[in-house]
Amino acid sequence: MLELQGIPVSPGVAIGPALVLDDEGYRIPRCLIPAADTSAEWGRLLSAFGKVAKQLEVNRKQTAERLGEEAGRIFSAQQQMLSDPGLLAELEGRVHEQHQSAAYAVSRVLHRYAEALGKLNSPFLAERAEDVLDIEKQLLHRLGAVTSDPLSNLDEPVILLARNLTPSETANLDRQFVRGFCTEIGGPGGHTAIVAKGLELPAVVGIGQFLDRIGQGSQVIVDGDRGCMIVDPDQATIDRYEERAQIRQKLTLRLAELRDLPAETVDGHRVTLSANIEFPHEVDACLQRGADGIGLYRTEFLYLSSDEEPSEEDHYQAYTEVIGALQGRPVVIRTLDLGADKMGHTSLTEPENNPFLGLRSIRLSLKNQDLFRTQIRAVLRAAVHGDVRMMFPLISTLQELRTARMLVNIVIDDLREEGAEFRSDIPIGMMVEVPAAVIMIDRFAEEVDFFSIGTNDLVQYTLAVDRSNESVAELYQSSDPAVLRLIQQTVDVSNKTNTPVGICGEMSSNPARVLLLLGLGVRSVSVPPLAIPRIKKVIRSVTIADCEEIACRVMQLESAREVDLYLLDRLGDLVPELVVQ
Amino acid sequence: MSNPSCQQIVVVKNEKGLHLRPAELMARLAMQYEATVMVTKDDQSADCKNMLSVLTLGAVQGTQLGLSAEGPDAAEALSAVAELFEAGFHELDAE
């Protein structure tokens, strides 16, 4: 049994066989072959070596012709690796004596060399690890052991283990078979984490290197609550987890009974409890859990999950589907939040040194106005079907907001001229995600209809921490006092100016932190569908006076850790049911 | 003397250490001989003909390595490999 600690990003527990993807996302097959077949298998392996060597020679020649002999040498070095007698002897032993399939032997041996090279603390040799993995990939390809999309042919439940998953890869996981996932890299606030929560897949990221230690099909437990992954668990552990799963299921059933009750505190304060979604099909799950509406519809996934740029009609259809399913409940459509780590099939930007500080979100939309206007048109047209609000992401300056609003007015004029059916009076709001927006919040309040605080980006930009970088993940804390002050300031100004304000970041899906947000004056939160029942339970278990006292105390604390410990402690007092496990 | 053996200490002179190009050159050279040439760093040994294995020694500039050869042409093999180290694998001029 092997227990590895990572960062819990999506709650829940899943148990099942491992599907190990390497960092390129292809499958490393593991199988043993009958003794009678080993000679044929060895022949297959040698033939693959021959073909790869031939290809390397072609590569070497072509590269040498284009870039000179020196550049071509990289391939002759790879050829040398291939003709390494030591390597061949090792593989032969695995095939002939251990009866391993050619592909599995190749994968294990080359991965081990790559790992040894990667650990040498030498940048030159670490790059060689990539060469070794490259050869491995080519060999596996020649052996017919890799498919371009290993996830498309699943026919049994699996726990996905990978170096990393991109948000769009995660979004496209087949939920019927993928029960949970663990990755070597990644941080708590990355988009993959958000998507995992959206898909309600238990997930642990940032575990560090582990793929080379795990065989295909090993039994794995993903504990998305505690952030650990257990490989080859013993029976006692499996029993314990199954028992926990039962307790959790009972709690889920009890919480489900709250579905039709309002999100109202014990002393009668009504809180708007909405859901965050990426895809139209998620609306059902939100309504089944009693969401008041959609507080954040992340439309960029329309862009990320398609091979072609979505047309105005694609946008319109998706929005109309969401609006229709909501039956009059409000939906906040956030305009494209592309850029940085989220880019579709065509990159709209040149490669940037600091993409998170670069051309992303509203900045990208304002630079690509055709793209932006297409989306605005679709939103305004779809708005005739229900209660639609439009929100701009990552606004940092008044000028950006004004330019975006001006574009909306231009689109309104166009639609009017065309005689199209649309609404021109929808509320327009902005995300509060950068400290600059908070500093200028009183001025922004004069020009928008509502605010939504995006705590993920706000934490990132306040603390200068890239949320998907596991080396600094510990600094990425929603409960950092600096972040809390910015939230407090935003809520205070919003309430003073009667500008509705909500929280749609991950912070509001944490039951303990919700106590604080209520105490700070927040009366609208939007959370992943999975979190709705718990958050409703918290809201229905407390008084605003309790929460105000909690907020008062928290705002005197000095570190995220103190804040979280105190909040967890108070959650235990006020809603002990949610602290079991 | 059908199966002679010999030993020698060498130092890695290359700025980038015993990286891919030297390892390749060394393997290529060693394979021209029948003898087995081993290169040893601390308690880790690698067959000079096994390039990946040599790379995993992670020998940086200045590292002292033990060379040993065994086989019919051990002396020639050893001196040829040692010469490569001495010449900085012919990349000192370039660096």
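Protein chains in written order, with the numbering used here: chain A, 365 to 945; chain B, 44 to 138. The beta carbon of each residue, even a glycine, is placed where N, CA and C say it ideally should be. Here the structure is a predicted model, which means the values were calculated and not measured.
Separation of V103(B) and C592(A) (C-alpha to C-alpha, rounded to the nearest whole angstrom) is 37 Å. Against chain A, the beta carbon of M69(B) has no neighbour under 9 Å; the closest one sits roughly 10 Å away.
Counted as a single uninterrupted DSSP element, the beta strand (DSSP E) harbouring E367(A) occupies residues L366 to Q369.
Ranked by Cα distance from F413(A), the options T402(A), G376(A) and A467(A) are led by A467(A).
T556(A) has its alpha-carbon roughly 11 Å from the corresponding atom of R831(A). A direct Cα-to-Cα measurement between V889(A) and T636(A) gives close to 6 Å. Burial check for Q652(A): the Cβ neighbour count within 10 Å stays below 16, so the residue is exposed. Not flagged as an interface residue toward chain B: D821(A), since no C-beta distance is shorter than 7 Å. Looking only at I52(B), Y76(B) and L63(B), the smallest Cα-Cα distance to S486(A) is reached by L63(B). Taken residue by residue, none of the region 860 to 890 of chain A has a beta-carbon sitting less than 8 Å from a beta-carbon on chain B. Shown here for A117(B): same chain residues with a beta carbon closer than 7 Å to its own, the five before and five after excluded, namely P47, S48, C49 and A78 in chain order. Minimum Cα-Cα distance from T907(A) among the listed residues L921(A), F541(A) and L938(A) corresponds to L938(A).
The C-alpha of P449(A) is placed about 10 Å away from the C-alpha of A70(B). Scanning N862(A), E642(A), R693(A) and V857(A) for the CA closest to the CA of L668(A) turns up E642(A).
According to the DSSP assignment, N773(A) belongs to the alpha helix (DSSP H) that extends over L762 to E782. Contact between A682(A) and L700(A) does not hold, since their C-beta atoms are separated by about 13 Å, which reaches or exceeds 8 Å. For A639(A), the number of other beta carbons within 10 angstroms of its own is at least 16, and it is reported as buried. Inter-residue distance for L474(A) and E548(A) is about 19 Å (C-alpha atoms, whole angstroms). Counting other Cβ atoms within 10 Å of its Cβ, A399(A) stays below 16 and is therefore classed as exposed. As for any beta strand (DSSP E) of minimum length 3 sitting wholly inside the region 607 to 664 of chain A, the runs are 636 to 641 and 658 to 662, ordered along the chain.
Under the criterion of beta carbons closer than 8 Å, L879(A) and I914(A) qualify as touching, at roughly 5 Å. According to the DSSP secondary-structure assignment, D587(A) is paired through a beta bridge with V377(A) and C592(A). Between E785(A) and V748(A) a beta carbon distance of about 6 Å is seen, short of the 8 Å cut, so the two are scored as contacting.
Going by C-alpha positions, K860(A) is about 37 Å away from N833(A). Contact annotation: in the region 99 to 121 of chain B, residues whose CB is within less than 9 Å of a CB in chain A are T99, L100, G101 and V103. Unbroken alpha helix (DSSP H) stretches of 4 residues or longer found wholly inside the region 848 to 922 of chain A: 875 to 883, 896 to 903 and 908 to 918, given in chain order. Taking C-beta atoms under 8 Å as the contact rule, I371(A) and V569(A) qualify, at a distance of about 5 Å.
Interface annotation, S486(A): in contact with chain B, CB-CB separation under 7 Å. Going by DSSP, Q841(A) is part of no beta strand (DSSP E) at all; its letter is neither H nor E. With 16 or more other Cβ atoms from the protein chains shown falling within 10 Å of its own Cβ, G544(A) counts as buried. Under the Cβ criterion of 7 Å, N93(B) is counted among the residues facing chain A. Taking the beta carbon of L127(B) as reference, no residue of chain A falls within 9 Å; the closest one sits roughly 15 Å away. Per the Cβ contact rule, the region 675 to 691 of chain A is in contact with the region 740 to 756 of chain A (3 or more Cβ pairs under 8 Å).
Among the bridge pairs identified by DSSP, V696(A) is matched with R753(A). Within chain B, no C-beta atom comes nearer than 9 Å to that of R724(A); the closest sits roughly 37 Å away.
Taking C-beta separations shorter than 8 Å and ignoring five residues to either side along the sequence, the partners of A125(B) in its chain run Q51, V53 and L110, following chain order.
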